[in-house]
Amino acid sequence: MGLFSVFDPSISYFGFIFFSFFFILFFYYSFYWLNFGFMDMFLFFLFFIYNDLSSLLSRGRAYFFLLFFFFLFFNNFFGLFPYFFTSSSSLCFTFSLSFSLWFSYIVYLWFVKLNEALSHLIPLGTPFFLMSFMVFIESLSLLIRPITLSVRLMANMVAGHLLLTLLGGSLLTSGGLFFGFFFYWIFIVFLELGVSIIQAYVFSMLVSLYFMESN
């Protein structure tokens, strides 16, 4: 088993069924066994993201990207559990997701708002002799957006999971330092949970900023 075997596209059906059952029970009994402080924090975080999105987009698009944020977050979050394949660490998944959103934005921009799309290629106040160069630069920047989005998400998720794999292997050979490595590993897990939230937020906000250009 190699270091990158953690990213093999396989899944344990037993683990999937068990966690799916736990996931259903979590939401069914959440208002009974979760304290109100946790729910208040969750609702505050939910409204915080929605306010950021609604300041850039219409109400319908803001709801869409809010759901998209949770979709991406749960993809990142599930990858922290054993026997779950981290789909957001696969370039095929992240590029397909980025390209589909980017392509829908391009189709809308060029077929519905062509004049606005062309005006974005030349910033206001650009000298005449730089116009051709700016068109090339802006076009290149537009074309590489799905690549930068997908590589950024994949690289951050891969780096975190490799660190968890290395620390998990060190636990088996740590001997007397087992508890020290164990608590450090727990700290890294919580850190990766934060990275999962941040990467989902950054990805959603960047795509929403791209869609804002079509307004």
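In terms of the working numbering, the sequence shown is numbered consecutively and its last residue is 227.
Glycine residues also receive a C-beta, built at the ideal position from the N, C-alpha and C atoms.
Would F96 pass as an interface residue toward chain D - the criterion being a Cβ-Cβ separation below 8 angstroms? Checking the listed chains, one finds no chain D in this structure; it contains a single protein chain.
Going by the CB atoms, is the gap between H173 and S108 shorter than 8 angstroms? no
Three-state secondary structure (DSSP) at L92? coil
Is it buried or exposed, S162, if we count other Cβ atoms within 10 angstroms and call 16 or more buried? Classification of S162: buried, given that the 10 Å Cβ count is 16 or more.
DSSP-derived helix/strand/coil call for S208: helix
At 4 residues or longer, and completely inside the stretch 103 to 162: list those alpha helix (DSSP H) runs for me, N to C. 103 to 124, 126 to 131, 143 to 155
With a threshold of 16 other CB atoms inside 10 Å of the CB of F145, please say whether the residue is buried or exposed. The residue in question, F145, is exposed, as its Cβ has fewer than 16 Cβ neighbours within 10 Å.
If we count Cβ pairs, one from each stretch, closer than 8 angstroms, do we get three or more for the stretch 89 to 99 versus the stretch 137 to 153? By the Cβ rule, the stretch 89 to 99 does not count as touching the stretch 137 to 153, because fewer than three pairs are nearer than 8 angstroms.
Assuming L84 contacts L65 under a Cβ cut-off of 8 angstroms, what Cβ separation, rounded to an integer in Å, is found between them? Incorrect: roughly 13 angstroms between the Cβ atoms, too far for contact.
Given A129, which residues of its chain have a CB within under 7 angstroms of its CB, disregarding the five upstream and five downstream residues? In its chain, beyond the 5 residues on either side, L121, W122 have a beta carbon closer than 7 angstroms to the beta carbon of A129.
For V207, collect the residues of the same chain with a Cβ closer than 7 angstroms to its Cβ; drop the 5 residues on either side in sequence, then sort them by chain order. N168, G172
Helix, strand or coil for S70, going by three-state DSSP, please let me know. coil
Beta-carbon within less than 8 angstroms of M224's beta-carbon, same chain only, minus the 5 sequence neighbours each way: which residues are those? L68, L69
With a 10 Å radius around its C-beta and 16 neighbouring C-beta atoms as the bar for buried, classify M143 as buried or exposed. exposed
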